[in-house]
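Data first, discussion second: the structure below is written as structure tokens.
Protein chains: 2
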Amino acid sequence: MNKPRRADAQQNRERILKIAREALAASPDASLNSIAKAAGVGPGTLYRHFPSREALVLALYRHEIQQLVGLAPALAAQHPPLTALRLWFERLAHYGRIKRGLAHVLHAAMNDGVLRETYGPMVGAIDLLLRACEASGSIRKGVNAEDVLLLMGFLWRIEPGREGEARAKRLLGLVMNGLQSES
Amino acid sequence: MNKPRRADAQQNRERILKIAREALAASPDASLNSIAKAAGVGPGTLYRHFPSREALVLALYRHEIQQLVGLAPALAAQHPPLTALRLWFERLAHYGRIKRGLAHVLHAAMNDGVLRETYGPMVGAIDLLLRACEASGSIRKGVNAEDVLLLMGFLWRIEPGREGEARAKRLLGLVMNGLQSES
DNA sequence: ACCTGAACACCGTTCAAGT
DNA sequence: ACCTGAACACCGTTCAAGT
Chain L
1 MNKPRRADAQ
11 QNRERILKIA
21 REALAASPDA
31 SLNSIAKAAG
41 VGPGTLYRHF
51 PSREALVLAL
61 YRHEIQQLVG
71 LAPALAAQHP
81 PLTALRLWFE
91 RLAHYGRIKR
101 GLAHVLHAAM
111 NDGVLRETYG
121 PMVGAIDLLL
131 RACEASGSIR
141 KGVNAEDVLL
151 LMGFLWRIEP
161 GREGEARAKR
171 LLGLVMNGLQ
181 SES
Chain A
1 MNKPRRADAQ
11 QNRERILKIA
21 REALAASPDA
31 SLNSIAKAAG
41 VGPGTLYRHF
51 PSREALVLAL
61 YRHEIQQLVG
71 LAPALAAQHP
81 PLTALRLWFE
91 RLAHYGRIKR
101 GLAHVLHAAM
111 NDGVLRETYG
121 PMVGAIDLLL
131 RACEASGSIR
141 KGVNAEDVLL
151 LMGFLWRIEP
161 GREGEARAKR
171 LLGLVMNGLQ
181 SES
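As you go down the protein sequences, you meet chains L and A in turn. Okay, so the first sequence: first residue is 1 according to our numbering, each after it adds one. Okay, so the second sequence: first residue is 1 according to our numbering, each after it adds one.
Structure, rendered in structure tokens:
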């Protein structure tokens with residue numbers, strides 16, 4: 001995973017990530033220069049590690065996305081297929097609501113072959129859950145995992161808070177119903 | 001609608017809109033300064049007419065949104081409720097795919113009371129179609145129009161072209177199925 | 001009343017010079 | 001190899017001065 005680097009470079013990289021996480025949580029469009037400054041490095045150094053804003057944000061979310069992806073097989077093993085799918089969506093909703101950047105990152109990943117490293121596993125996780133549902137006859141046949149991820153994009157446009165939570169639940173219900181066999 | 005203005009101000013406003021339409025179509029994040037320059041006005045003038053980028057983009061889409069809103073009653077009068085709903089969604093998809101900015105604008109409108117002038121009619125149009133479906137028993141009861149608009153947000157994240165068209169159709173099918181009575 | 005355009009603080013990005 | 005930080009072209013925004 002982590003390519004070997006010179007010790008100082010590795011330290012800089014980690015400090016940039018740490019500061020960036022805090023800065024972007026506080027204000028989602030904090031400037032890269034200001035992050036570099038807060039991390040105590042020159043702008044060129046930040047640029048060397050993360051050639052674009054996207055690359056930086058992606059690096060931040062990579063860990064959490066990996067968690068999410070890893071959850072899919074676990075849920076599939078412990079629950080009936082349709083329940084597993086719903087539970088995984090709810091977890092996705094949780095991430096969606098606290099991390100707004102996710103939408104933009106996933107959308108970018110879709111259009112950039114290099115970033116499939118992140119998008120691919122997400123789609124894989126959904127596909128796993130969908131195919132299980134399909135096998136048990138609890139959803140209609142042939143539903144595309146990429147389509148479903150795109151459809152779920154509403155999640156990161158929902159405001160946080162009580163009302164948002166209720167809204168996410170309602171919409172999730174609509175989507176789940178849509179996946180089921182045609183009436 | 002149009003407040004009376006001095007003739008030169010009105011002309012400037014219109015030329016800015018015309019140039020902005022072209023510039024933003026060519027490159028969605030053309031700078032405001034460059035638009036002002038292309039329109040032959042000072043940056044202050046552009047700023048006076050449109051105090052933010054959002055305000056400018058919203059003004060551009062207002063006309064097309066009005067068209068869309070006006071279409072709802074017409075469709076409802078000419079088709080069975082469920083068909084009317086689907087046709088309206090397809091029209092929305094068309095706008096979505098050619099005009100990317102729409103997503104951002106509608107999202108902003110949602111959070112900004114002043115802009116409800118645009119968001120409200122959109123929701124109203126959807127509500128009209130939904131209620132007709134509900135009355136005829138072709139969808140489940142109590143579906144929220146704002147929820148549905150949010151759910152349809154995937155439309156402006158779809159790439160243009162043949163494949164995007166097919167994708168929009170598939171996803172629309174999922175949504176329509178989700179709206180129907182619970183199995 | 002409206003427009004102009006210089007000016008301000010800041011942005012992303014680059015790259016020669018250092019270690 | 002990697003970092004620094006000055007520098008570049010440009011950004012959104014403001015506002016005194018003009019008509």
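For every residue, glycine included, the Cβ atom is placed at its ideal position computed from N, Cα and C. All values reported here derive from a predicted model rather than from experimental measurement.
| Query | Result |
| --- | --- |
| Chain-ordered residues of the segment 151-165 of chain A with a beta carbon less than 9 Å from chain L | Leu151, Met152, Gly153, Phe154, Arg157, Ile158 and Glu159 |
| Inter-residue Cα distance where the pair is Phe89 of chain L and Ala38 of chain A | 47 Å |
| Minimum C-alpha distance to Arg131 of chain L - residue among L:Ile16, L:Ala55, L:Ala84 and L:Gly153 | L:Ala84 |
| Through-space distance from Val57 of chain L to Thr118 of chain L, alpha-carbon basis | 12 Å |
| Pairwise C-alpha distance: Arg62 of chain A and Leu17 of chain A | 12 Å |
| Cross-chain neighbours of Asp147 of chain A in chain L, by beta carbon under 8 Å | Arg167, Arg170, Leu171 and Leu174 |
| 8 Å Cβ shell around Glu182 of chain L - same chain, five flanking residues per side excluded | Arg140 |
| Beta-carbon spacing of Ala168 of chain A, Leu128 of chain A below 8 Å | no |
| Option in L:Glu22, L:Gln78, L:His94 and L:Asp8 with minimal Cα separation from Leu60 of chain L | L:Glu22 |
| is_contact[Glu134 of chain L, chain A] using C-beta, thresh 8 Å | no |
| Residue interval of the alpha helix (DSSP H) (run including Gln10 of chain L) | Ala7 to Ala26 |
| Residue range of the unbroken alpha helix (DSSP H) whose run includes His49 of chain L | Pro43 to His49 |
| Reduced DSSP secondary structure (H/G/I, E/B, other) of Arg37 of chain A | The sequence given here has Lys at residue 37 of chain A, not Arg. It is helical. |
| Proximity of Ile205 of chain A and Met122 of chain A at Cβ, strictly below 8 Å | Look at the range of chain A in this structure, 1 to 183, and you will see that residue 205 of chain A is not part of it. |
| Pairwise C-alpha distance: Pro51 of chain A and Val114 of chain A | Annotation note: pLDDT 45 at Val114 of chain A (below 50); position unreliable, coordinate value reported separately. Their backbone Cα atoms lie some 13 Å apart in a straight line. |
| Within chain L, partners of Gly178 of chain A - CB distance below 7 Å | Leu174, Val175, Asn177 and Gly178 |
| Residues near Ala145 of chain L by beta carbon distance below 7 Å, same chain, minus five either side | Val123, Ile126, Asp127 and Leu130 |
| Cα-Cα separation, Gly40 of chain L to Arg15 of chain L | 9 Å |
| Short CB-CB distance (under 8 Å) between Glu54 of chain A and chain L | no |
| Nearest neighbour of Asn33 of chain A, chosen from A:Ala25, A:His49, A:Pro43 and A:Cys133 [CA to CA] | A:Pro43 |
| Exposure of Pro81 of chain A, with buried meaning 16 or more beta-carbon neighbours within 10 Å | buried |
| Burial state of Arg13 of chain A (16 or more Cβ within 10 Å) | buried |
| Reference Ala93 of chain A; option with closest CA among A:Leu24, A:His79, A:Glu159 and A:Ala7 | A:Glu159 |
| Spatial distance of Glu165 of chain L from Gly120 of chain A (CA atoms) | 22 Å |
| Gln180 of chain A: first and last residue of the uninterrupted alpha helix (DSSP H) it sits in | Careful: Gln180 of chain A lies outside any alpha helix (DSSP H) and carries neither H nor E. |
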